[in-house]
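Going line by line, the protein sequences match chains A and B. For the first sequence, position 130 matches number 190 in the numbering used here, and the numbering has no gaps at all. For the second sequence, position 124 matches number 184 in the numbering used here, and the numbering has no gaps at all. The C-beta atom is built at its ideal place from N, Cα and C for all residues, glycine as well. Every value quoted in this text rests on a predicted model; they were computed, and no experiment measured them.
Protein chains: 2
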Amino acid sequence: MPARQPVAIDAAKEGVKLGRLDDFLGFRLRRVQNSLSGNFAQAIASYGLRSGEFTTLALVAANPGISQNELAREVGLDKSVMVLIVDDLEKREWAFRGRSKTDRRRHSLSITPAGQAELDAMFAALERTEGIVEQGFSRAELNLLHELLDRMHALCIDAAA
Amino acid sequence: MPARQPVAIDAAKEGVKLGRLDDFLGFRLRRVQNSLSGNFAQAIASYGLRSGEFTTLALVAANPGISQNELAREVGLDKSVMVLIVDDLEKREWAFRGRSKTDRRRHSLSITPAGQAELDAMFAALERTEGIVEQGFSRAELNLLHELLDRMHALCIDAAA
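As structure tokens, then:
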């Protein structure tokens with residue numbers, strides 16, 4: 061190991077350089093996704109939701125009776141974080157925990173009419189947020205982007221298997 | 061509020077439905093990005109790194125003297141999480157904290173030769189991981205995907221401003 065330098069130079073004032081990261085698709089995807097979701101987060105900031113809470117509520121709406129473990133896996137969050145999200149959704153009376161008919165130890169989630177109304181409002185905000193960005197593209201370009209991303213997702217799943 | 065139902069139905073056995081999320085680009089981007097980064101995470105699992113640690117090291121390499129706050133902002137992580145990442149990079153002797161010449165209260169980060177060697181090895185793993193997926197696309201398709209994502213990123217930044 062070299063001797064540690066006590067003084068290092070300052071980062072370039074003109075902004076952070078991406079270096080080799082700039083060559084990788086994964087980085088470009090993450091950057092766009094972070095920006096898009098940041099714009100949406102700002103649009104629904106007044107709700108004061110946790111990260112992942114909107115997606116969780118949308119999945120509960122689409123899958124009545126889904127379990128907390130399934131939600132954690134699908135949203136890509138730790139089970140302990142999902143418990144906090146579901147607690148908050150219950151406190152807001154947007155969703156409720158029931159008991160599974162087939163396995164009584166398993167909590168199953170469902171959305172309330174109030175939760176559905178708020179979810180609809182947030183989906184409208186998401187449509188506006190994405191709409192502003194999509195205006196910069198033709199319908200053909202957007203379809204192509206969807207197709208490329210879906211093909212890539214399928215290849216990722218194959219590569220992982 | 062409606063009365064809470066004590067028993068909810070089970071989620072469909074055939075898998076979780078995406079519902080309205082499936083119509084949104086942000087969701088498709090996140091899904092592909094999660095899969096791609098999951099494959100890479102598996103490839104470098106033996107290092108036992110924290111989430112964001114590879115990206116942090118890559119940014120330190122590209123920006124000698126960068127501050128912890130700049131890293132936190134650029135990687136999109138909380139400052140307290142960035143402290144843990146930088147602590148770990150120092151413990152591994154992959155990076156070292158120095159004092160900024162212009163602001164002595166500000167820690168500035170630099171990579172060590174050992175850190176650079178490990179970073180090169182991880183970039184090689186990233187090239188392999190993305191290469192497997194990129195084989196399913198023509199060069200023209202990949203260039204188009206990069207161009208669409210970069211245009212979208214620029215539009216997101218404009219929309220947020």
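{"Check": "Contact residues within the stretch 98 to 131 of chain A, judged by C-beta distance below 9 Å to chain C", "Outcome": "No chain C is present in this structure, whose protein chains are A and B."}
{"Check": "Three-way DSSP call (helix, strand, coil) for G108(B) in this model", "Outcome": "coil"}
{"Check": "Reference L109(A); option with closest CA among L81(A), R152(A), G196(A) and H167(A)", "Outcome": "R152(A)"}
{"Check": "Euclidean distance between Cα positions of A132(B) and V141(B)", "Outcome": "8 Å"}
{"Check": "Beta carbon proximity, N94(B) to chain A, threshold 9 Å", "Outcome": "yes"}
{"Check": "Reference R80(B), options E130(A), V120(A), F100(A) and G86(A), closest by Cα", "Outcome": "V120(A)"}
{"Check": "CB contact below 9 Å: M142(B) versus chain A", "Outcome": "no"}
{"Check": "Residue of D82(B), V76(B) and N99(B) minimising C-alpha distance to E187(B)", "Outcome": "N99(B)"}
{"Check": "Amino acids of chain A, ordered along the chain, whose beta-carbon sits closer than 9 Å to that of A220(B)", "Outcome": "S95, G98, N99 and Q102"}
{"Check": "C-alpha gap between S94(A) and H167(A), whole angstroms", "Outcome": "Note that residue 94(A) is Asn in the sequence shown here, rather than Ser. Those two C-alpha atoms are separated by around 32 Å."}
{"Check": "Chain B contact residues for V76(A), given Cβ-Cβ distances below 9 Å", "Outcome": "L119, A122, N123, I126, E130, L131, R133 and E134"}
{"Check": "Any chain B beta carbon closer than 9 Å to L224(A)", "Outcome": "No answer is possible for residue 224(A): the residues shown for chain A start at 61 and end at 221."}
{"Check": "DSSP state of A174(B) mapped onto helix, strand, coil", "Outcome": "helix"}
{"Check": "Sequence-distant residues of its chain with Cβ nearer than 7 Å to L202(B) (five each side left out)", "Outcome": "E194"}
{"Check": "Start and end residues, alpha helix (DSSP H) containing F84(A)", "Outcome": "Unbroken run through F84(A): none, as it is neither H nor E."}
{"Check": "Cβ shell of L144(A) (< 6 Å), same chain only, five flanking positions each side left out", "Outcome": "none"}
{"Check": "Exposed unless 16 or more other CB atoms sit within 10 angstroms - verdict on S106(B)", "Outcome": "exposed"}
{"Check": "Within-9 Å CB hit, I145(A) to chain B", "Outcome": "no"}
{"Check": "Within chain B, partners of M212(A) - CB distance below 7 Å", "Outcome": "V92 and V193"}
{"Check": "Boundaries (first-last residue) of the alpha helix (DSSP H) holding E226(A)", "Outcome": "Past the boundaries of the shown model lies residue 226(A); chain A is included only from 61 to 221, so the question cannot be answered."}
{"Check": "Three-state secondary structure (DSSP) of S97(A)", "Outcome": "helix"}
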